[in-house]
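First to last, the protein sequences are chains A and B. Add 1 to the 1-based position in the first sequence for the numbering used here, that's all there is to it. Add 1 to the 1-based position in the second sequence for the numbering used here, that's all there is to it.
Protein chains: 2
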Amino acid sequence: MKRLEDRILKDGKVLPGDIIKVDGFLNHRVDPAFMRELAQEFARHFDLSDVTMILTAEASGIALATVCALEFGIPMVFAKKAKSDNIEGGLYKSEIVSYTYKKNVTLILSKEWLKSTDKVLIIDDFMARGMAVHGLIDIVKQAGAELRGIGIAVEKGFQGGGDALREQGIDVYSLAIIDSTENGTIQFRKQ
Amino acid sequence: MKRLEDRILKDGKVLPGDIIKVDGFLNHRVDPAFMRELAQEFARHFDLSDVTMILTAEASGIALATVCALEFGIPMVFAKKAKSDNIEGGLYKSEIVSYTYKKNVTLILSKEWLKSTDKVLIIDDFMARGMAVHGLIDIVKQAGAELRGIGIAVEKGFQGGGDALREQGIDVYSLAIIDSTENGTIQFRKQ
């Protein structure tokens, strides 16, 4: 999606450790009109006609997934990290390694909010090695629900998470795929 | 807001420890159409004409604040909890005690995204003792920005956080105020 690539080049920064910072419009400060454009692009790609649930992980995926929920008129549920007292028993759980936080975290989702009849679209702001998305796929499987696709705003293609999922036949649609940040220069994959 | 009170009575649960669980539509699973109604009610109450930024705290405030950002056409920024490697220096920081997580957490916000010229509306899904909101107010002060008001979906009135802020002359508008959960029965404050 050219508009997103342009925005990444204009406002994004490459930090040491191949961290790509796009927090001015995607995952710290949120630009609502731009977020809506991203959601509309997902709607062009995915067949949403029988998707019943949008699934994401806290925290940074929530904003984009909420915009998608509003645009598509489909409910959204987000997996929480670790243990909060406000969630009763009856949880799906998946332990993942967080690249951002450099530690293991457990994604939890109340069994109340994802059922075997659900057709699920996973949405997240970022994918690198794809650990969070793997946790979400695991939760979809635990629920016996059907995964319809995965929509990502920014994929770090050079970390391989997205391609590994595509090789499994999963429809992973990333609006921008960064294939290199060598010398601080962002190179996008032609799509 | 009667529609919210009705929804809390219909779908909410009172758990031990005066925890009010409304995660079926507000802060775990998100009902987009209903969220939009909440945002529209905030718009009726607050003068949004010169509000430049919506501020919330991760994670559960993000969904409602995002809906408000979309409805109002105003950017949103969320304070993050603790340290992520993806945030550079130049942070506002405020340490708070989290009632939900029963420990100290530090709210952080990049100085890039909140300036002294900003007029801020704080939005959150829940307020009990108001610790998270106090941290957000602290951040607004650190930025030298102007606080225009605080919009809360569900306030636990009996824990006093909202009233303490109102006594300071802050416009705290909660769409539902629960004044008692005695014997598991939810009693709302007449507004």
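Every residue, glycine too, gets a C-beta built ideally from N, C-alpha and C.
Taking each of A/44, A/56, A/36, A/40 in turn and checking the Cα distance to residue 74 of chain B, the smallest one comes out for A/36.
In the structure shown, the three-state DSSP call for residue 35 of chain B is helix. Cβ-Cβ separation between residue 55 of chain A and residue 64 of chain A: approximately 12 Å, too far for a contact (criterion under 8 Å).
Classified as buried, residue 149 of chain A has 16 or more neighbouring CB atoms from the shown chains inside 10 Å of its CB.
Taken through DSSP and simplified to helix, strand or coil, residue 151 of chain B comes out as strand.
Note that the C-beta distance between residue 130 of chain A and residue 91 of chain A is not below 8 Å. As for any beta strand (DSSP E) of minimum length 3 sitting wholly inside the stretch 54 to 122 of chain A, the runs are 54 to 58, 77 to 82, 92 to 99, 104 to 111, ordered along the chain. Contact between residue 123 of chain B and residue 134 of chain B is confirmed by a C-beta separation of about 6 Å, below the 8 Å threshold. Residue 141 of chain B: member of the alpha helix (DSSP H) spanning 132 to 144, first to last residue. About 25 Å separates the Cβ atoms of residue 71 of chain A and residue 93 of chain A, ruling out a contact at the 8 Å cut-off. Residue 59 of chain B is positioned such that its CB atom lies closer than 8 Å to that of residue 81 of chain B. Look at residue 154 of chain A: its C-beta is not under 8 Å from any C-beta on chain B.
The beta-bridge partner set that DSSP reports for residue 181 of chain B consists of B/188. With 16 or more other Cβ atoms inside 10 Å of its own Cβ, residue 28 of chain B counts as buried.
With the criterion set as a beta carbon lying under 7 Å from some beta carbon of chain A, the members of the stretch 49 to 74 of chain B are 59, 60, 63, 64, 67, 68, 70, 71, 74, in sequence order. In this structure, the beta-carbon distance from residue 2 of chain B to residue 108 of chain B does not fall below 8 Å. At least one C-beta of chain A is nearer than 8 Å to the C-beta of residue 111 of chain B. Counting C-beta pairs closer than 8 Å gives fewer than three between the stretch 5 to 13 of chain B and the stretch 167 to 184 of chain A, which falls short of the contact rule. Nearest to residue 99 of chain A by C-alpha distance, out of A/83, A/68, A/188, is A/83. The criterion of a C-beta distance shorter than 8 Å is satisfied by residue 125 of chain B and residue 57 of chain B.
Nearest to residue 51 of chain B by C-alpha distance, out of B/25, B/164, B/62, B/147, is B/147.
In the three-state reduction of the DSSP assignment, residue 124 of chain A falls in the strand class, which pools E and B. At the C-beta level, residue 144 of chain B and residue 39 of chain B stay beyond 8 Å of one another.
By the 16-neighbour rule on beta-carbons within 10 angstroms, residue 7 of chain A is exposed. The C-beta of residue 104 of chain A has fewer than 16 other C-beta atoms within 10 Å across all chains shown, which makes the residue exposed. Neighbours of residue 25 of chain A across chain B, judged by C-beta separation under 8 Å: 113, 114. Residue 141 of chain B and residue 166 of chain B have their C-alpha atoms roughly 15 Å apart.
Checking the DSSP bridge columns, you'll see residue 15 of chain B partnered with B/21. Cβ-Cβ separation between residue 26 of chain B and residue 19 of chain B: approximately 20 Å, too far for a contact (criterion under 8 Å). In the three-state DSSP reduction, residue 176 of chain B falls in the strand class (E or B). With respect to residue 111 of chain B, residue 24 of chain A sits close: the two C-beta atoms are nearer than 8 Å. Within its own chain, the residues whose Cβ lies closer than 7 Å to the Cβ of residue 42 of chain A, once the five positions on either side in sequence are excluded, are 2, 176, listed in chain order. With contacts defined as CB atoms closer than 8 Å, residue 17 of chain A and residue 30 of chain B fail to qualify as a contacting pair.
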